[in-house]
Structure formats: C-alpha cells, structure tokens
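K.L.:
Residue numbers (my numbering), protein chains in the order written: chain V, 23 to 404; chain G, 23 to 404; chain P, 23 to 404; chain L, 23 to 404.
There are 4 protein chains.
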Amino acid sequence: MGNSMGTIFRITTFGESHGKAIGVVIDGCPAGVMVDEQAIAAELSRRRPGQSAVTTSRKEDDTPEVLSGVLDGKSTGAPIAILIRNKDAKSEQYQGMEGLVRPGHANFSWLAKYGAFDGRGGGRASARETACRVAAGAIAKSLLSEQGIHVRAWVEQIGDVAMPAASESTGDGAHDCDPEENALRCPNRKAASAMEVAILRAKEEGDSLGGIVRFSVEGCPAGLGEPLYERMESELAKAMLCIPAAKAFGMGNGFDACAMRGSEHNDVPTGIVDGKLTAKTNHAGGVQGGITTGMPLTGTVGFKPTSTIRKEQQTIDLQGKAATFAPPADARHDPCVVSRAVAVVEAMAALVVADFLLRARCARMQLSGTQEQGPSGSGEEC
Amino acid sequence: MGNSMGTIFRITTFGESHGKAIGVVIDGCPAGVMVDEQAIAAELSRRRPGQSAVTTSRKEDDTPEVLSGVLDGKSTGAPIAILIRNKDAKSEQYQGMEGLVRPGHANFSWLAKYGAFDGRGGGRASARETACRVAAGAIAKSLLSEQGIHVRAWVEQIGDVAMPAASESTGDGAHDCDPEENALRCPNRKAASAMEVAILRAKEEGDSLGGIVRFSVEGCPAGLGEPLYERMESELAKAMLCIPAAKAFGMGNGFDACAMRGSEHNDVPTGIVDGKLTAKTNHAGGVQGGITTGMPLTGTVGFKPTSTIRKEQQTIDLQGKAATFAPPADARHDPCVVSRAVAVVEAMAALVVADFLLRARCARMQLSGTQEQGPSGSGEEC
Amino acid sequence: MGNSMGTIFRITTFGESHGKAIGVVIDGCPAGVMVDEQAIAAELSRRRPGQSAVTTSRKEDDTPEVLSGVLDGKSTGAPIAILIRNKDAKSEQYQGMEGLVRPGHANFSWLAKYGAFDGRGGGRASARETACRVAAGAIAKSLLSEQGIHVRAWVEQIGDVAMPAASESTGDGAHDCDPEENALRCPNRKAASAMEVAILRAKEEGDSLGGIVRFSVEGCPAGLGEPLYERMESELAKAMLCIPAAKAFGMGNGFDACAMRGSEHNDVPTGIVDGKLTAKTNHAGGVQGGITTGMPLTGTVGFKPTSTIRKEQQTIDLQGKAATFAPPADARHDPCVVSRAVAVVEAMAALVVADFLLRARCARMQLSGTQEQGPSGSGEEC
Amino acid sequence: MGNSMGTIFRITTFGESHGKAIGVVIDGCPAGVMVDEQAIAAELSRRRPGQSAVTTSRKEDDTPEVLSGVLDGKSTGAPIAILIRNKDAKSEQYQGMEGLVRPGHANFSWLAKYGAFDGRGGGRASARETACRVAAGAIAKSLLSEQGIHVRAWVEQIGDVAMPAASESTGDGAHDCDPEENALRCPNRKAASAMEVAILRAKEEGDSLGGIVRFSVEGCPAGLGEPLYERMESELAKAMLCIPAAKAFGMGNGFDACAMRGSEHNDVPTGIVDGKLTAKTNHAGGVQGGITTGMPLTGTVGFKPTSTIRKEQQTIDLQGKAATFAPPADARHDPCVVSRAVAVVEAMAALVVADFLLRARCARMQLSGTQEQGPSGSGEEC
C-alpha cells in the first residue's frame, strides 16, 4: 500500500534504488494523449543528479522505456508502463553502519513497520523513486498542455537566501530571468548567485541546505477540485508532502495569510474571462472552497536540508546503545536537492490537476452546450 | 465525490447548513471501541459557535444522534451513523446578493463546477460540516486512547500575535497553562490575553483574523504511515488543508526547517523505549520517510482570516459587471474561527492516525510475538 | 468496510434491522438529476414485505426522508442522504436461541469476524438493508432514464417452476404479460400461477423456495465498462452476489453458454444504430471484452431458498455441542423472497450502469464532436 | 482505470499481447512472504498455450522477471513488479480484417470506448494478460499456504461433457484422479477422455468449446469477507467474471440451489474445529452473510466457447455494411481454453482470499489472546 496516487489518472510506482529497475504504471490516462519519449527523457534530465556543481557528482543515466499503452505516439487508454533500469546499482558505501539508526533517515521507522529494511542504500525510500513521478508527470503535462494548462515551478529560497519579494499582488518573488537559465532554477539572477555561494560553502563543510519551491499552474479552468475532503489544495498539499524532504506546504500566501485581515486577504474580483475569474490579487492561490476559480493555482513547498551529510553524527544502534555514524571520506552527497526537486514539484502538480480535470467531467449531467445557471462561459471548461 | 476520508477507518459526511440535517457515516471502525454520546457531544461543544465573546453570537445546539453501529456502548463493526439536525435553519440574511461573486467565498467556483449553487447560506461549503468531523473524530480519539495514543491541539498565533517560542528542542511555544482554560485555547496566558484584544478590535471593525494551530499526537507507535504517496505527513497535510480556511501546513518545524542546516535539523537519536525512538530534538515532527518513529507527531496548520466580514466590498456579478457586496447591518459574523478550529484539527489528526493504526496491521505477516530483525520491542506495537 | 459500492456514483449504507433507522448516503450523483421522493417511495413499496399472500405478513412502512443534496427536486452535486426510520423495531421472537449457530444464517461467521453479534434480529446482516439500495437505485434509475436507459427485472423461476423458454435469439423466457401485473413479477401468466401454488404449499409446510430473476438494461450506449478487472459483467456479478440469498450469476446465456460451440455462441452483427451494435442474437448479454456493445445488457441472478423456515432444525451451540433450533409457532417467515428481490436486482443494475456511465466520460480526451476513428455515431454516446 | 484488483493486496497489470512486454505490480503484499521465481514460472507454465494437443500450438515462453520488492527470497513490503517480455510479438495474421466488427470480440466495444483500437492482435483485451494474474496469484498462494490455506481448481465440464455428480454432500463431481494428471485437468479419468475427444473434434471443425471450472479453498479461517457489498462471494464472483470468456458464476451449489427447499439447502452444523464450522453438507460453499464459516470455499465458473474460430462468419464493417470475417487457412486457434483457465481461476481465488485475510485484521481491536464472546477458538484465526 501507499505506492499509488490519483483517482482516475492514477500512478503506481515500484522499484528500489539498488535493485534491478524502478518504474511506474499509469492507469487512467485517457486515449488520445500525445506520449513522447523524448519529452519524458527531457523531464528526467531536469531531476537527474550530476547536472551541475551544486548537486551531487553521482550520475544517473535515466533512460525511460515505454512498455505499453501507447500506439503511434498516442495513449490508447490502456495502462502506460515506463521502466527505468538501474545501471549503476552498486551497494552503498556505508559499510559497517547497517546496525545503526541513521539520523534523519527512514531506516528505523521502516524497520519498525516491515520488520526488515533493505540496507543496500535508500532502498524503496530513496529519492530515486521520484524519477517515476517525473516520468508520469511528463505525460500529465502533455495532457494538460493540450487543454491549454501549463505547470511551472522555481526556487524561491535556498537555506537562508530568499529571492526578493515582488509586488503584493502576486505573492511571487521578483522575477528577472527564466529560472531554467541557471543551475539553481531561481528566476532572480542575483539571488541565484547568492544561493550558489551558499550551497558551495555547505558542500565544502560536508553539510546540507533546504529551501522553498513555488509552483504555478496557469490556464486551469474554474470548477476543478472536489469539495471538503479532496479539495484542490488538500490534494496538492498531500502530493507535495510526499516528496522526500518536503516538510511544509502553503496555498497562495500560505502561512503569511495568518497575519492578514479578512479585508486584505479577500481577493477583489474584477471580471470573468472564458469562464475564469480575474481578481486584483491572488492571495487564495486560485481556489475557493477547495475548487478552482480560474485564477492561477499557486503555492509553496518547503524542503528540509537533506539528512545525508558528510559530518560525523551521534546516534544509537538498533539495541538503543550510543554509537557514531561516520560516513567514509569519499562518500558522495548532495548538499542541496531543492533545485532538482523543481521537476518533481511540477510533476506532482501536473498529476493532481490532470486527475481533477478528468474527475470534473463527472460533476454534472450536462457537460457542454448552453448553460443557463453557471457563470458566463464556464460551461465548456471541463 | 470528495465527501469521504480514510481508507479503513473511513468517514463520509452529508448535509447542508440550511438543510434538514448534517451527518456522518463511519465505516471501518473495528468492533469493540467505546462509543460515548456524551463524549461526542463534549467535543462538539468545543467547536460550537457562541461559546464566548471571541466568536460569533450565532448559536448551534448540536445534539448528535447515534443511529447505528453501536450496542451496549461499544462499536459492533457495522457502520456508525451520527445525525445532527439543523434546528435553526433560517435562510441567510444576504438578500439581493445572490447574483454576485462573493469575495473569498466558494459560490463562484462551486457554480462553475456544479452549474448550480444552494444560495441559502454556505450550503454544503459551510464550515458547519466540520461538526461531522468532530463527531467522527471523537470516536477515533476513543479508539486511539484505548491504545495509549492522545491527540491535542492549541492556538499558537492569532493575527500577528504569536505566543513566545519555547526552547529549540520542541519547536512548541512556551506553555504556561492548559489551553482549554481560556477561550482562545492558547497555552500561554499573556499571549491569550493579547489575542483576545486583537480579536475584539477586529470584531469592532467588522474585520476578521487568521492564525496558527499546532497539534501533537503522543503515544503513537513506530511504524505507522505508508511509504511514498500515503505518508503520515502527506495524509496529515491533506486532512488539515481540507478544513475550511486552512491554507498552510508544516510538519515538525515546517517552513522553519528550510533555513536550517542538515547537521542542525537531523534529530540526534538517544534511545529506544517500548519500540519508540527518543531523540534530543523533534524537528522532524515524529516521522522519517513518511512513517512514524515513535516520537510525538507534531505540526502546524495556518488559517487565513475568514472571508465573511461586515465591511462593504467591491466585487462583480455573475455576468462580470462591477458590483458592491454589502452585508446588512445586523449580519452576524465570526471575527476569528481559529480557537474553534482547534477541535477540528484534533479530529482530523485522530482520524488520520486511527486509519494508519489499522492499516499498519497489514504491513507484515507476523503481527506479534518474537521479532528478531526489528528494533527492540517494536514487534508488539501495531 | 464493506458498506459501500461504486466508484463515482458511490453509495454507503448504514443501520440495523432492530436499531433506530437505516439509511444511505449517495456521494457522486452529478448535479441536475431529478430526485423525486414519490418515485423513491414507489420503488420501496415494490421491495416491501407484506405486499401479498406470497410474502411474509410482517409489514415495514418505509417512508424515506431525503435529508440533503437536493434543491428544488434536483440533485445539487452534494451527497444525498436518505433516512428510513425503523418503526416496528421489536426484538425478534427467537428467545433462548441466542447461543446457537443458526442454520443458514450469518450469526456464526459474523461472530467470528467481529467478536460480537447483535442478536436482536438479523442486525446489520438483515435483508432490510436492501431498502437502502432500492432507494439509491431509484435515483440511479432517474439519472439513467434521463439518458434514455431503462432497467427492468422479472422472475423466471421459483423453486422448480420455470417459465417456458422463448425463442433462441433472446435467451429470455416467453413473455405474455407485464411482470408487474402479478404478485410473482413473472411475465408469463401460466408460470406465475404455478409459482404461486408452489409458494403457498411451501408456506404451509413452513419451508422456503428460491428462484431466478433476469434483468435487462435497454438503451445503454456502447463503450461502458472498464477493461479487465472492472468489466461491466464483473461489476454486475459482484453487485448481484451481494444481495442476500443470491448465490449465482450469469451474463447473457450464463452457464448455458458452456455447452454451446463458438460458431453458435458468437452473436452475428447486423448493423450499427446510433452507435449501438445490433445483432441476430444476444448470447453475450450486451458486452464484449467487459465493455458494452449497445445491445441490451441482460443476465440472471439465482437465489437460494431463504434460510429462515418454521421447521425445527438440528444445529450446535457456540461451544460446538449438538442442539435444536426451534422457531416459535407464531414466528413469521417469508416463504419466498424472489419476487420482492426484483426491485433490488433492478436497483443494483441501475447503480452499476450509472457508475459506468459517469466513468466512461474519463476514457478519452475528446468527448463529443466529430469522431473519425470510432464506429459511426458512437462519439456522442458517453 | 480498470486495470487493478484488490484493496490491501492490490495488483495492477499492464501490457498488450503484441507490445514489448506485459507485467504486474503487486502493492500491499506484507513483508516476509516467500517469493520464489521458480514457483511463479511453474504456475505460468500451467496457463501457457502449447502445453498439449488440446490447446493452441502457439507457444508463449513466459519467463517472469521479478524487478522489485523482494530481498533474499522474501517480500520486503515494497511493491513487487514482475515483467514478462513478449518474445514472439509478430502482428496477427488477420490482414484486411481491421475494418470489420469481429464476432464475439472486443474490437467494436473498445473502439466505442476509447476511439481507437490496437488492431495488431487482441491488444490489451488479449487473454495473454491473464499471465500477469497467474504470476501475482503465485505470490498470493505462497502467502496463503504459509497460513495453511490451499487453493485448487479443476475442470468439471467441457462442451456438453460433464463429469459425473458426486454425493449430494459436497456438490463436487466424482473424483478418481488428481486433475493435474491429465491435459484436461479433470479429476475424473473417463470424463477427461471424453472431453479430449470432444475438443479434438471441435478443433478439426475449426470450432470451439466452453466449459465449467470448480475451485476450492481449504483451510480458510472463519471471519473473512466484508459484509454487504464486499462479500466473499461477491468479490469471488467479480474476480471470476473478469477472466476473459467467463460468463457465469455460482457459489456453492450455484444455480442448483434455486430449485432446493430451505430445509434441504441449510447446511446442518456439526461442530467447531479450530474456530472453523463443520457441517453435514456445504451447499453454501463456505460462506454465510458474505463471511466465511471455515468450511471450504467452493464454487463454479462458466466459460463460453472462445470466439476465435477458423470458420467463416458473417459480420459488418465499422460503417455497418454486411461483410464476411474469414480467418486465413493457417490461423492458429485454441479450440478450448478451459483447462488452461484452471490456473487463472486458482490465481483469482488466491488473490481474493489473500486480500480478505489481510483486511480481516482490521475488523476488531483485539486480534489475539483470550476471546470471550466468539465461537471457540476463532480468536486466533485472523
């Protein structure tokens, strides 16, 4: 259990970091969606370790193999399985550390759950599994893109370096470049430079940094999301919090909304365009009552610093006795995964929105044609 | 769709604020759990409007009626249905406002979804529905309590008034009283007083305030939560973000973790007691890799200020033309729902943990008896 | 668990035969479906005991109360809850039999599962629960009827009295009247009379009879059903086998197909009308590969004789010692429930088809408009 | 959608008969179950075409590759993925038939659903997919076997040749050999011979035969199955009806129960052994009220004759015009798949029972130890 996500557009992933392969099965992708192996590979390379000096030097050459569900470049309605072989699956270097509780790691909790833990590396708990999400997310993005919906994400903070705030109306930071231009994936050049300096320092010290990623989904019709327990924001929160190292989520202004007054926070509506609401501000992040208004969906995901560091750490063994966790001198580690996580955040957002787009088709009997009661134009949206 | 929550311990709610009744069906409560109508009523009174000067004067007299699934005060394994009649279901006072997009409200987005909106009040989108969660949560709490697991929540911030920080080791604020002692449900007396002042001022101005609630689950065994997509933290995030007005969630230190270094954030393990990990700090909030370690589960939920205010607001009508939303002079409103939300946050946490407690029974073949590979004592936990 | 059915159009029922009430919550009924309390009551009266001499004399006056989800006679998209109070909930007459394994009844198996059994009557296992399905089914029928889909069922066999076979092409029996005309709900007058005689004889003897019900769904578009694990026929089989006393299911010709040759059994296609296949015969019962062809959906449900009889029976007590189960002289019993089950069979068929009708909307990206690859006209169907 | 089965022990399959590979992901297999690739391969060879003269000459050399979820021969709790490459994936021989409705096949209904159909062969609708179920079923059997539960199935009828009836008490036919001894998998030697003659005759004529398979699950504890909508018999019915060509299902005596009287059909309890009921007969097939009693679970599955035959058949093209479907002279076909389906029926039964075995752990708070209210000994069962 726990290896699937989605109700209609549903993914199930499998595989361990040091096993034969990892992979994903997408069940519920409607027929007729363009599936492009190149596009999947391109997304995977955004997540891949070893892209630049600010990530780990460990390389993963992730070649996705689409095994089923696609004919002539389009989905057929059958499950789409994508396999990624583990080419460099040598066991991890932490010899002699197997009997220890690894600080900040899952080995104790998984052992408590399953009674056994595959100690060759992160095993199933390894962040390598997120490659499967990125692959599936590439197909969700394709589906959304055909409907005019576009998903992006970028870095707003690394460690204690945050990009400068933009105007109050958006909640975004001040953008002056395409975030994909720099290795940090930060849309503010000066902040990106400062973040790089911070990461290299942490790397040198054998330590690690966390950070914040913001996502934005534009073109989303009004009416997506289910009320009460499967809200757009609650499913996004769930999706984001299941990315390894993610510890916090904010929709729209997030925690900053807590100190605002209602008269400030309420977004003032200005019009309805193609069935989508427009407003002076977007503090709500594009949702009201769990359901999209047509404003851009936006929010933030907070990542803790990765727990794998090169410093020696105090810990205990599985019998509870004090011990020292000491990584070998040559252990590779990734001082900051936040920029790589951008691709994963986009994938998760795309998977959530694609699922709701399909679910929205079941909300009312009349899907198209004249619509008398609804807001102008909204009848065609979903 | 969207009116259910949980996999094994699963609730489904129904009812509108201005209809005949609201209610909840719990399917999957195991046989043998104590179900006490008094305890349910007591929890409901903690959520109820009209408790004190700091909430709305509107009263709801919520008498829960247990219709099924209970015999001699214990659950039988059959679905437990609880009905709460709407006694004071007069239509809302906002006459003439029906054709307007209500700022910060769900009427536009729900209309876009369903093609119709029950305008007699909040309808299904009303926060009154949370009474159902509190009722179901009371039974989940009973189940958990019988296993030595206890759920609590309290207010840490109202508007811009935050309680003072406690020592670094807990992440909690500085407690000097039982939060249930004051109307604010804040465990720091001085902060509670300042919060009250802030709320009364906002009330006078016809405005509203948000705030932050922290929850804590103590006694939770190690090994709860499913890996990857149904993590303890991702299900908690989902559950909390589906409370009306909730906009943000943080597990453990939440967004504060983003600016920490790995060497700071990693909790240093100190021992294993009854199969549960102990550590010097609890930055992680009691989970590693999505699964509990046995440390207390803790996190925060951020609420925006409620969107219903007594001030006149600019808006548009459903055709997109500019209009003014003007509540009548005598409209009741709740300047701050955060203290009432404490009962809902506890309920959601209890529902999530109860579900995982049951699901954990399916994780391995050997549930009890000697366990050779696991951490000491953990074999008996779930 | 186990008290829900359906994926999109999903029902959850609750209540025991001797408790306060039974009821059902429908989550996922799209907005805009006509919901008529009279129509629900009319369906309930078809299931109701005490309709005629051939059923039990026990009366249930089932007045359904629609609590939520309906405004101005139409569904709003919110959950529809229907409550049916138990008016005549006196405990059952079998005093002194509580410690016995009741032959053909669920008390032993439920006790093994839950560790307790509500012995005041059938409890949750009572067939009274089927009233909830009939109520929900009435709404599913309304949804289907608005799409031109009609569900009917009738009795084909009672005990060893079967209605005569019709022409080979349909698989149906020889109809000469509306089955609702007679108390048996058999569309063949002569057979209906013989069945009545058989039931009255069994009643006199304190014994019970089983029988066979056939259902037919006309107007169903092609393309409903999910492949492989959630086929139209597999979901119908599941739905029918969860009616109390149902023991067998056949799609189309059912078990009779086993002795046919492929060249006989293959239905010869003759044309495509409004996207629906027509064929010389309908041995397949309207499905191919789990998905509807547009031919009428048809199949049979076999019911065992009810286990409650007035005869004395050998049994054991819960310690395994031999005992006698002896109903009191004045115990009421229903010698044959098959004619009453007709309403339940229709409800189950309607619930399954309504769910698939909604699910079919998610099968491909283009729901309407020109469709180049598909069979003529089918593009508009679902 | 539609490519998954199970709630806790859940499988998802993928792949087309003429694509690169087929495969299955099992999510929810508890940690600690023995997983043996040899055992999986052995089960696959029972389903494999080309085993004997009575099946098709087409060969599939199914080598299962376990990709994940297993360490040192035991499940780890992580998803188990099994891949089977399609070695001989040449496109089917029916050139020029692509635009026709193929009698008894899924091409029309799938086209109506998805707007496209992979015409290279059966595609996703091919019975080749059942190899995935058999592979997953082998692991479910391993889990069950470790709990003393054993699943078997055999052929009772081929075409119009049925094995002779056994004594009334079992409902089984008269066994005089191990069904695995002969190519038919019929436990009655004389019937097996007659069946073989019938199949060879049909083969010569280019026609096909159907038949009936019976399954039996022994050692199953009392208390498995969920009430009402997810009964043991309803989930078995669903599972069996999703085997290609399956058209009918009977629990226990199935349709034969319809003509019995209650006093005959009620199984007379004789004792309780290890928490399991014993009785003079097993007409109910091991369930009461949807939940197991501890008697063997047994029932029958009816298969229609396969629709692929070598005879010329009348049909229509996708525009509705009359046409002829004429397989080429050298087309391979399988005159009767019933004996091969035995392995699939066993797999489906094993998957259903394994899922319920795990689900039963959530039915009551006290899983083990003294149990006062339940039938003797049943407390330890699940």
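Backbone N, C-alpha and C fix where the C-beta goes; we use that ideal spot for every residue, glycine too.
Measure from the alpha carbon of S361 of chain G to the alpha carbon of each residue in G:Q73, G:G41 and G:F36, then state which is nearest.
P.N.:
Checked all of G:Q73, G:G41 and G:F36; the closest Cα to S361 of chain G is G:Q73.
K.L.:
S39 of chain P to R150 of chain P, Cα distance in whole Å?
P.N.:
Distance between the alpha carbons of S39 of chain P and R150 of chain P is about 6 Å.
K.L.:
Does the segment 205-217 of chain L come into contact with the segment 151-170 of chain L, if we say contact requires no fewer than three beta-carbon pairs (one atom in each stretch) closer than 8 Å?
P.N.:
No, because fewer than three Cβ pairs between the segment 205-217 of chain L and the segment 151-170 of chain L fall closer than 8 Å, the two stretches do not touch.
K.L.:
Who are the Cβ neighbours of S398 of chain V in its own chain at under 8 Å, not counting the five residues just before and after it?
P.N.:
Model confidence at S398 of chain V stands at a pLDDT of 41, short of 50, so the residue's coordinates are unreliable; what they give is reported in the following sentence. Contacts found: I294 and G297.
K.L.:
Give the range of the beta strand (DSSP E) segment to which M471 of chain V is assigned.
P.N.:
In the structure displayed, chain V extends from 23 to 404; residue 471 of chain V sits before or after that span and is not available.
K.L.:
Alpha carbons only, please: which of G:V92, G:A147, G:I331 and G:V235 is nearest the one belonging to A353 of chain G?
P.N.:
Measuring from the Cα of A353 of chain G, the nearest candidate turns out to be G:I331.
K.L.:
Taking DSSP as the reference, what is the three-state secondary structure of S148 of chain G?
P.N.:
Three-state DSSP puts S148 of chain G in coil, outside helix and strand.
K.L.:
Which residue comes first and which comes last in the alpha helix (DSSP H) that contains Q60 of chain L?
P.N.:
E59 to R69 is the span of the alpha helix (DSSP H), which, as asked, contains Q60 of chain L.
K.L.:
For a contact meaning CB atoms closer than 8 Å, what does L93 of chain G contact in chain P?
P.N.:
Result: A138 and D140.
K.L.:
From the DSSP output, which residues share a beta bridge with I171 of chain L?
P.N.:
BP columns for I171 of chain L are empty, so no partner.
K.L.:
Using a 10 Å radius around the Cβ and a threshold of 16 neighbouring Cβ atoms, would you call E203 of chain V buried or exposed?
P.N.:
The residue in question, E203 of chain V, is exposed, as its Cβ has fewer than 16 Cβ neighbours within 10 Å.
K.L.:
When the Cα atoms are used, what is the spatial distance from A279 of chain G to A270 of chain V?
P.N.:
Going by the C-alpha atoms only, they are around 9 Å apart.
K.L.:
Listing by chain order, which chain L residues have their CB less than 9 Å from the CB of V309 of chain G?
P.N.:
The premise fails here: V309 of chain G is roughly 17 Å from chain L at the closest Cβ pair, so nothing lies under 9 Å.
K.L.:
Any C-beta of chain L sitting closer than 8 Å to the C-beta of R146 of chain V?
P.N.:
Chain L, which has a Cβ nearer than 8 Å to the Cβ of R146 of chain V, makes this yes.
K.L.:
Would you say T300 of chain L and L246 of chain L are within 8 Å of each other, going by their C-beta atoms?
P.N.:
Not in contact: T300 of chain L and L246 of chain L (Cβ atoms no closer than 8 Å).
K.L.:
Over what stretch of residues does the alpha helix (DSSP H) that includes L258 of chain G continue unbroken?
P.N.:
Here the alpha helix (DSSP H) through L258 of chain G covers M254 to L263.
K.L.:
Please go through the same chain and pick out, in chain order, the residues whose beta-carbon is closer than 6 Å to the beta-carbon of R146 of chain L, but skip the five residues on each side of it.
P.N.:
Same-chain partners within the cutoff: E38.
K.L.:
What does DSSP give as the partner residue(s) for P291 of chain V in the beta ladder?
P.N.:
In DSSP, P291 of chain V forms a bridge with V:A301.
K.L.:
Could you check the C-alpha separation between A16 of chain V and C51 of chain V for me, to the nearest Å?
P.N.:
Residue 16 of chain V cannot be examined here, being either before or after the span of chain V that is shown, 23 to 404.
K.L.:
Suppose you measure from the CA of E87 of chain P to the CA of A64 of chain P; what does that come to, to the nearest Å?
P.N.:
Distance between the alpha carbons of E87 of chain P and A64 of chain P: 13 Å.
K.L.:
For G137 of chain V and I338 of chain V, I'd like the C-alpha separation in whole angstroms.
P.N.:
For G137 of chain V and I338 of chain V, the distance between alpha carbons rounds to 18 Å.
K.L.:
Taking C-beta to C-beta, are R236 of chain P and T152 of chain P nearer than 8 Å?
P.N.:
In this structure, T152 of chain P does not lie closer than 8 Å to R236 of chain P by Cβ.
K.L.:
What residue from V:N25, V:E227 and V:A128 has the CA that sits closest to G311 of chain G's CA?
P.N.:
Looking at the Cα atoms, V:A128 is the closest of the given residues.
K.L.:
Taking Cβ to Cβ, would you say D84 of chain V is nearer than 8 Å to L93 of chain L?
P.N.:
No, they are not a contact pair.
K.L.:
DSSP puts M27 of chain P in a beta bridge; with which residues?
P.N.:
BP columns for M27 of chain P point to P:I33.
K.L.:
What's the gap between the Cα of A261 of chain V and the Cα of E218 of chain G?
P.N.:
Straight-line Cα distance between these residues: approximately 36 Å.
K.L.:
Please list the partners that P266 of chain V has in chain L, where partner means a Cβ-to-Cβ separation under 8 Å.
P.N.:
Under the 8 Å cutoff, chain L gives no residues; its nearest Cβ is about 15 Å from P266 of chain V.
K.L.:
What would DSSP say about D94 of chain V, mapped onto helix, strand or coil?
P.N.:
Coil.
K.L.:
For I161 of chain G, name the three-state secondary structure that DSSP assigns.
P.N.:
If DSSP states are grouped into helix, strand and coil, I161 of chain G belongs with the helices.
K.L.:
Of the residues that make up the segment 270-282 of chain V, which ones have a beta carbon closer than 8 Å to any beta carbon in chain G?
P.N.:
Correct list: A270, F271, G272, M273, G274, N275, G276, F277, A279, C280, A281 and M282.
K.L.:
In whole angstroms, what separates the C-alpha of S164 of chain P from that of E240 of chain V?
P.N.:
Taking the straight line from one Cα to the other gives about 38 Å.
K.L.:
Measuring alpha carbon to alpha carbon, tell me which of V:A281, V:I102 and V:R223 ends up nearest Q179 of chain G.
P.N.:
The candidate whose alpha carbon is nearest that of Q179 of chain G is V:A281.
K.L.:
Closer than 6 Å by C-beta to A214 of chain L: which residues in its own chain qualify, once you throw out the five before and the five after it? Chain order, please.
P.N.:
Cβ neighbours of A214 of chain L beyond the five flanking positions: N204, L206 and C208.
K.L.:
Can you give the beta carbon distance from K42 of chain G to S97 of chain P, rounded, assuming they're within the 8 Å contact cut?
P.N.:
With a Cβ gap of about 16 Å, K42 of chain G and S97 of chain P do not count as contacting.
K.L.:
Where does G233 of chain L fall in DSSP's three states?
P.N.:
If DSSP states are grouped into helix, strand and coil, G233 of chain L belongs with the strands.
K.L.:
If you drop the 5 nearest sequence neighbours on each side, which residues of the same chain put their C-beta closer than 6 Å to that of E255 of chain L?
P.N.:
Correct list, in chain order: M273 and V309.
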